[in-house]
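Notes follow once the structure below has been shown.
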Amino acid sequence: FLIKEGLLAEQHGLSKESIAKPIPSLNQRAQTLIEMAQKSTFYFQKDLSFDEKAQNKFLSKDIKPHIEKLIISINNMAVLEHDSLENLFKKIAEEAELKLGKLAQPVRVALTGGTASPGIYEVILLLGKSTTLYRLKEAVSFIEKNKN
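All residue numbers for the sequence shown refer to the working numbering, where the first residue is 1226 and numbers rise by one.
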């Protein structure tokens, strides 16, 4: 279906299981199969393009050190778990005197390309450690290149 709709390349190399994995996270956010497919593409793309409004609002030089701290902390986690991720986000936000959303929303943009997605911890768990780290590093690079 994703291939037919032009949302996934024919030679994607993904198993049916990995394509089906994010479906439960999108059930309540999509009204149709087409909408579900459109909202799931960020799970399967290697490189994202950021929504222009989202990048301008959330990917700022002020958030960069906090994303870098998150990269180090996630890299050091042996296993990614919902509670561990939640505690990590709370700790980093608290240390930076930020509300949780001021950290979570830029991370959401970094990981999904936009501002609407399933819960941020759920997204991280579904993307996995290596993809999460890759996208966070890409966001840091984007900030370094585009934000003075």
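Think of the CB as a built atom: it goes at the ideal place given N, C-alpha and C, for glycine as much as any other residue. All figures in this text were calculated on a predicted structure; none of them were measured in a lab.
For the ligand NAD, is there a heavy atom less than 6 angstroms away from the beta-carbon of isoleucine 1288? Absence of the ligand NAD from the depicted structure is noted, as is the absence of any ligand whatsoever, leaving it without description.
I'd like to know whether the C-beta atoms of phenylalanine 1283 and proline 1331 end up nearer to each other than 7 angstroms. yes
Could you tell me whether the Cβ atoms of isoleucine 1329 and isoleucine 1345 are closer together than 7 angstroms? Here residue 1329 is alanine; the residue named in the question, isoleucine, does not match the sequence. Cβ atoms of alanine 1329 and isoleucine 1345: closer than 7 angstroms.
Would you kindly work out how many angstroms separate the C-alpha atoms of leucine 1350 and glutamate 1311, rounded to a whole number? 12 angstroms
Could you check the C-alpha separation between valine 1334 and asparagine 1301 for me, to the nearest Å? 22 angstroms
Please determine, among Leu1305, Leu1361 and Ser1285, the residue with the shortest C-alpha to C-alpha distance to glutamate 1347. Leu1305
How should proline 1290 be labelled, buried or exposed, when 16 other C-beta atoms within 10 angstroms of its C-beta is the threshold for buried? Flag for proline 1290 reads exposed.
With distances taken Cα to Cα, identify the nearest neighbour of lysine 1278 among Leu1352, Lys1324, Ile1299 and Ala1341. Ala1341
Going by alpha carbons, who is nearest to serine 1355 out of Ile1296, Lys1286, Leu1313 and Thr1337? Here the closest residue by C-alpha is Ile1296.
Check glycine 1344 in the structure and name its three-state DSSP category. coil
Quick check: isoleucine 1288 and valine 1365, are their CB atoms within less than 7 angstroms of each other? no
With DSSP as the reference, label glutamate 1320 as helix, strand or coil. If DSSP states are grouped into helix, strand and coil, glutamate 1320 belongs with the helices.
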